[in-house]
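Chemist:
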Amino acid sequence: MTSLDLDLDEYYAGADDEPDPRYKDSKEYRIMKNFLQPDSTMCLEAAAESLLELIPEHCGHGGVVGIITLCANVVPWDHTSHLKLAYLSERLRWSPKMSPSLGDIKSANDSYLTNVSFSDALWDDYDNAECYNPDHQSDLDQWVNFNAFLANLDALNFWRGESHYLYRTMAYTFKHPPEGLGGFYKDPNDVQIGLRGRDANVVAAAQWILWDGQNVRRLALYPRPPQGATLSKELYFNVESAATSLELWQIWKGGFKSASEEESASKESRDVALRAYTLMETLEKTMPS
4 MTSLDLDLDE
14 YYAGADDEPD
24 PRYKDSKEYR
34 IMKNFLQPDS
44 TMCLEAAAES
54 LLELIPEHCG
64 HGGVVGIITL
74 CANVVPWDHT
84 SHLKLAYLSE
94 RLRWSPKMSP
104 SLGDIKSAND
114 SYLTNVSFSD
124 ALWDDYDNAE
134 CYNPDHQSDL
144 DQWVNFNAFL
154 ANLDALNFWR
164 GESHYLYRTM
174 AYTFKHPPEG
184 LGGFYKDPND
194 VQIGLRGRDA
204 NVVAAAQWIL
214 WDGQNVRRLA
224 LYPRPPQGAT
234 LSKELYFNVE
244 SAATSLELWQ
254 IWKGGFKSAS
264 EEESASKESR
274 DVALRAYTLM
284 ETLEKTMPS
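In our numbering, the protein residues as written are 4 to 292.
Right, dumping it as structure tokens:
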């Protein structure tokens with residue numbers, strides 16, 4: 004696996020759009036660049052502790068969460084460093100320092116509060132990434148890369164069964180409105196997006212199968228709460244989880260097959276779509292059903 008340049012110039016540009024190289028001197032950046040290299044000797048625990056040491060008592064943690072999400076934007080979708088990013092996020096989020104306020108953590112039952120910082124940042128970054136400009140390759144790359152990061156988080160059960168990002172990305176790619184969006188749903192596959200945007204959507208959607216296919220299949224096999232169950236008793240099988248089904252699984256699989264045969268698509272899009280379709284076929288045959 005090749006080394007990472009971890010170029011964040013675009014995200015640290017000043018008002019004149021000129022990159023501000025000072026970010027490369029920050030401790031957060033230096034830790035992340037070291038840890039994410041394939042040949043790094045820094046272990047997960049050391050990286051997490053080094054970042055947590057940068058968060059003072061009763062002070063914001065935006066710098067740490069921000070550098071992680073920025074790295075997720077630029078790490079190529081097929082690079083194994085996405086695994087490192089996901090495991091690092093999982094390790095960090097259980098620290099009381101990641102809670103909105105240190106005083107909120109009274110016991111282990113309050114540990115869910117530490118997820119708020121990541122949840123807010125991830126949603127903001129996803130919302131920004133999905134509004135990509137199809138004429139800017141960096142925007143398209145960010146959309147694909149960030150979905151790879153989110154898929155890896157979901158593979159670690161980061162949201163404990165809730166993954167609205169999966170359904171939303173699949174809906175954008177295969178043109179079926181996701182549940183719960185109602186009038187807020189917008190279809191980015193219209194003519195304004197063009198072929199490059201369509202290809203990016205296919206590759207972004209494929210991340211959920213390539214990195215998280217078994218979890219997606221599980222949700223398709225058992226998508227809804229048992230009869231009569233309430234959300235308070237069945238938190239894992241929540242409304243977002245109910246947005247997938249075996250029917251949608253087949254729609255997505257058929258969509259990848261069609262994308263793999265689309266002559267106007269890029270070679271990367273066709274190849275990745277074929278990999279996703281093949282894996283879905285394999286999961287159907289090998290996983291219990």
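Cβ coordinates follow ideal geometry from the N, Cα and C atoms, glycine included. All values reported here derive from a predicted model rather than from experimental measurement.
Do the segment 75-92 and the segment 22-34 touch if we need at least three Cβ pairs shorter than 8 Å?
Modeler: no
Chemist: Within 10 angstroms of the Cβ of arginine 201, are there 16 or more other Cβ atoms? Answer buried if so, exposed if not.
Modeler: buried
Chemist: Restricting to Cα atoms, I'd like to know which of Phe177, Gly197, Thr72 and Asp127 is closest to asparagine 148.
Modeler: Thr72
Chemist: From alanine 268 to arginine 199, what distance separates their C-alpha atoms?
Modeler: 8 Å
Chemist: What does the alpha-carbon distance come out to for the pair leucine 39 and histidine 82?
Modeler: Using only the alpha carbons, I get a separation of about 10 Å.
Chemist: Return the CA-CA distance between tryptophan 126 and glutamate 266, expressed in angstroms with no decimal places.
Modeler: Our two residues, tryptophan 126 and glutamate 266, have alpha carbons roughly 34 Å apart in a direct line.
Chemist: Within 10 Å of its beta-carbon, does lysine 270 have 16 or more other beta-carbons around it, so buried, or fewer, so exposed?
Modeler: exposed
Chemist: Need the endpoints of the alpha helix (DSSP H) that glutamine 210 sits in, please.
Modeler: 197-213
Chemist: Please report the straight-line C-alpha distance between proline 41 and aspartate 215, rounded to a whole angstrom.
Modeler: 21 Å
Chemist: Which same chain residues, not among the five before or five after glycine 257, have their C-beta less than 6 Å away from its C-beta?
Modeler: none
Chemist: Buried or exposed for arginine 171, please, with buried defined as at least 16 other CB atoms from any protein chain shown within 10 angstroms of its CB.
Modeler: buried
Chemist: When the Cα atoms are used, what is the spatial distance from alanine 209 to methionine 45?
Modeler: 30 Å
Chemist: Please list the terminal residues of the continuous alpha helix (DSSP H) segment that includes glutamate 52.
Modeler: Where glutamate 52 is concerned, the enclosing alpha helix (DSSP H) stretches over 47-55.
Chemist: Measuring straight from C-alpha to C-alpha, what distance separates aspartate 123 and leucine 282?
Modeler: If I take the Cα positions, the gap works out to 32 Å.
Chemist: Might you give, ordered along the chain, the residues of its own chain that have their beta carbon closer than 7 Å to the beta carbon of alanine 300, omitting 5 neighbours on each side?
Modeler: No answer is possible for residue 300: it lies beyond the span of the chain, which begins at 4 and ends at 292.
Chemist: Apart from the five residues on each side of it in sequence, which residues of its chain come closer than 6 Å, Cβ to Cβ, to tryptophan 252?
Modeler: If we look at tryptophan 252 and ignore the five residues flanking it on each side, its Cβ neighbours are Ala223.
Chemist: Do you know whose CA, among Asp138, Asn136, Asn204 and Asp142, lies nearest lysine 178's CA?
Modeler: The option with the nearest alpha carbon to lysine 178 is Asn204.
Chemist: In terms of alpha-carbon separation, which member of Leu54, Val77, Trp80 and Pro79 lies closest to valine 68?
Modeler: Leu54
Chemist: The alpha helix (DSSP H) that contains phenylalanine 149, what's its start and end?
Modeler: 140-158
Chemist: Could you have a look at asparagine 136 and say whether DSSP puts it in helix, strand or coil?
Modeler: coil
Chemist: Can you tell me which of Asp8, Asp12 and Tyr14 puts its alpha carbon nearest to the alpha carbon of asparagine 37?
Modeler: Asp8
Chemist: Short of 8 Å in beta carbon distance, which residues of its chain neighbour glutamate 13, apart from the five on each side in sequence? Order them along the chain.
Modeler: Pro22 and Ser141
Chemist: Between Glu48, Val77, Ser272 and Pro291, which has its C-alpha nearest arginine 220's C-alpha?
Modeler: The option with the nearest alpha carbon to arginine 220 is Pro291.
Chemist: With the cut-off set at 7 Å, would you say alanine 151 and tryptophan 255 are in Cβ contact?
Modeler: no
Chemist: For lysine 288, which residues in the same chain have their Cβ closer than 8 Å to its Cβ, ignoring the five residues on either side in sequence?
Modeler: none
Chemist: So, with DSSP's three-state summary, where would you put methionine 290?
Modeler: coil
Chemist: For leucine 169, is the classification buried or exposed, using 16 other Cβ atoms within 10 angstroms of its Cβ as the cut-off for buried?
Modeler: buried
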